[in-house]
Each structure stands twice: as structure tokens, then as C-alpha cells.
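Numbering follows the numbering used here, with no gaps: position 151 of the sequence shown is 139. Idealized CB from N, CA, C, for every residue including glycine. Everything numeric in this text was worked out from a predicted model, so none of it was measured.
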Amino acid sequence: EAVFRGPCDIDVFRDGELSVSVHAGHAIIASGGRFRQLPGLGPDGERIVTSREALALKELPASMIVLGGGAIGVEMAWFFSRAGSTVTLVEMMPRLLPLEDEEVSAVLKRSFEKAGITVVTGAKLDNLEKDSEGVSAILRAGEGEAQEIRADILLVAVGVTGNTEGLGLELAGVETSRGFIVTDRECRTSSPNIFAIGDVRGGMLLAHKASAEAGIAVKALSGCTADPLDENLIPRCVYAEPSVSGIGLTEKEAVDKGFSVKVGRSMFAASGKANAYGSLDGLAKLVFNAADGRMLGAHVVGHGSVELIGELTLAMNIGATASQLASMVHAHPTLTETLKDAAENALGH
């Protein structure tokens, strides 16, 4: 492990013993993140687990409660359901993937329930008891009656916080806020020669974002001009079935920011390729600025949606308009045709 002793003085320890002391002109912190824990719900590796321990289980649990309906919770619920576990997925907010578009969340919930996953939204965990046989969770939705659910295992997926403790950040003059390191758009911290990238920096906690941040930080510390990262142009994916992908603003976010929007939709059920796959639950939804036609956001749920986000990411980066997307010729039969159809729908075609 490494600990700052000053702005760029670092002690490196091996097996608890000081191995080497280093002075460097610049430093990059890439210490990652760890799963948030709720009081009394720390993982024990047996009855209460995070996704890390869950994927190392020696036996498949017959039943599982997944607490948290964000990306990790959704992926774990789908994985263990497909493996054969009876899964109950619980989210405190009114819908799954609360940061994604509402229509996308609705399609995902419907598909999960068809697949046999019990989805409970708008509910909080009132109490949890565990014994040698499993766990008993008491859930309550609003002022409604309490509901008890019994399962072999509780998987906690309620978010991630940065690995900022024990690094000596205060000695290095590095500021933190709400568990993450504070940086500017070049990944520079409050200590001008120290940079932070990846999950410890906060924001979108994605591997491809961390890779992009690494390039920005290296350019900046080398004295080169680095284009700042625009999180609005970073694609995000949820790997379940159906998968979910998105980029930019949701319809609600766009309206809340004052945009007048045009929205186009295309259902996977109208896609020849989706019919060939036999996966008809899906939606492509594109949000455009009514003033100039430029795309503000794109949201797709359905089989193969994560393979469609590349085209939409390019469209967002070049400022493509609804008319341009609608005029593109796509190969048939492909799922990408749903994007053209959605753009045409936004234009009223």
C-alpha cells in the first residue's frame, strides 16, 4: 500500500513494513472504490454479500434478495436468476435504474417479471435477521403494511464510495467530498501536481470513463493540452437481459433543463432482427432539441442494446440531428434500424 507524507512524498509499504519512500514531481491516484454498506449489513461472505462475494460463492443459493435496483443490483439479479436462484429485487426508489429514462425502467421491470424475478420498488428495508438457514427481510413501502421475505442470501448493492481512507490525502493537500476526491475537468486535485482518475474521482463509475480520464491526466501533467471529459457524451450500459444502454439526457432531464424536446420511439417488436432473435421486449428512445434538431440523449433497452450505443455515441459527439439520423440507410435486418425508425418517429414520419 502507498501513503502520502506530503504533496508528492509517498511511502510504500509491503506486508506492513516500509519498503521504499518516493518523491515524484506528479502523482496519479487510481485507488478505485468499494461498495457502500448500510448499518448492520456488512458482508459476512455467507448470508450477507456484495457482488464481489456473491461471484465467489461455492454453491448457488436457492433464493436471494438483492437490495438495490441500480446497475449492479440489476445485473446481479439477472445473473443469479438465470443461474437458477429465486430472486427478489428490491429498490427504494419508485423504479429500477432510477437514473435512466422512465420508459426504459418500465420495459426492464416488465421483462424481469416475465423472467420470474420478483421486483419490489418504492420499498425500504425495515429490519433484517439472519440465522444459520438464511435471512428474513422486513420491507415496507411508504405507509403500507410490512412484507416479510425469506431467502438464503441478501446481496447488498446500494452504491459505491471512493477508496480515500488511509492514503494520507490530508498531508498531500487533496480535498475530498462525500467520499470522493474533488478534481477539475483535467482530473487535477486541490494539490496541483496530484491527479485522480476512476471511481475514486466519483461521477459515472465506469471502466471506460476511467480509461479516458487516465489519458487526460497524463496529458495534463505532461504539459499538453487535454480535452476535458464531458460526462454527457459518455455511454453507459447495464449488462442484463434485456440489456440497457444510454447516453446524454433523459427526456425528463432535458425538460427540467429548459429544453423544448421532440421524442422519437421505436419498439423492438417492429424489428425484423429482434423477431428473428425472439426477443421482442425492447425500446429505442431518442430525445432531440426541438430548436435545432440536435440529439440531447438516447436510451435503449432490449436484447443487444449495448451494441447499439456506439452509433448513438458518435451521433452525440458530432451533434447529429434527427433529420440526419432519419436519412441514414441501415443494413436490413439489423437492430440498428430501430434507431433510424426512432428518429423518423421524432420527425412525425
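Item                                                                                                          : Value
Cross-strand partners of R35 (DSSP beta bridge)                                                               : BP columns for R35 are empty, so no partner.
E136 - DSSP class collapsed to helix/strand/coil                                                              : strand
Test item: CB-CB of S51 and A139 under 8 Å                                                                    : yes
S93 to L85 span [Cα, whole Å]                                                                                 : 6 Å
Local Cβ density within 10 Å of K197, reported as buried at 16 or more and exposed below that                 : buried
Buried/exposed call for F1, threshold 16 Cβ in 10 Å                                                           : exposed
C-beta atoms of V289 and L87 nearer than 8 Å                                                                  : no
Reduced DSSP category for N277 - H, G, I as helix; E, B as strand; rest coil                                  : strand
Neighbourhood of F276 by C-beta, 6 Å cutoff - its chain only, sequence neighbours within 5 removed            : K250, M283, A310, A334
S240 in three-state terms, based on DSSP                                                                      : Position check: residue 240 holds Lys in this sequence, whereas Ser was assumed. It is helical.
Presumed contact (8 Å Cβ cut-off) between G147 and F168, rounded CB distance                                  : Between F168 and G147 the Cβ distance is about 12 Å, and since that is not below 8 Å, they are no contact.
Beta strand (DSSP E) segment containing M338, residue limits                                                  : With the chain covering only -11 through 337, there is no way to say anything about residue 338.
R98: first and last residue of the uninterrupted alpha helix (DSSP H) it sits in                              : 90 to 102
Proximity winner among L142, A125, I141, relative to A134 (alpha-carbon distances)                            : A125
Buried versus exposed call for I185 [16 or more other C-beta atoms within 10 Å across all chains shown]       : buried
Alpha carbon of D(-3) to alpha carbon of A15, nearest angstrom                                                : 9 Å
CA nearest to the CA of G56, picked from V(-9), V8, L113                                                      : L113
Where F1 sits in the DSSP three-state scheme                                                                  : strand
N-terminal and C-terminal residue of the beta strand (DSSP E) that L157 is part of                            : Counting along the chain, L157 falls outside any beta strand (DSSP E), though it belongs to the alpha helix (DSSP H) covering 157 to 160.
Bridge partner(s) assigned by DSSP for V206                                                                   : Its beta-bridge partners do not exist; DSSP assigns none.
V107 classed as buried or exposed, judged by whether at least 16 other C-beta atoms fall within 10 angstroms  : buried
Whole-number beta carbon distance between E79 and A228, since they are thought to touch under 8 Å             : Actually they are not in contact, since the Cβ atoms of A228 and E79 sit about 14 Å apart, beyond 8 Å.
K46 - DSSP class collapsed to helix/strand/coil                                                               : coil
Other residues of its chain near A257: CB distance less than 7 Å, five sequence neighbours each side excluded : L268
Supposed close pair E174, M192 - CB separation, criterion 8 Å                                                 : That pair is no contact at about 17 Å.
Nearest residue (CA-CA) to L300, options A331, P321, D280, H291                                               : A331
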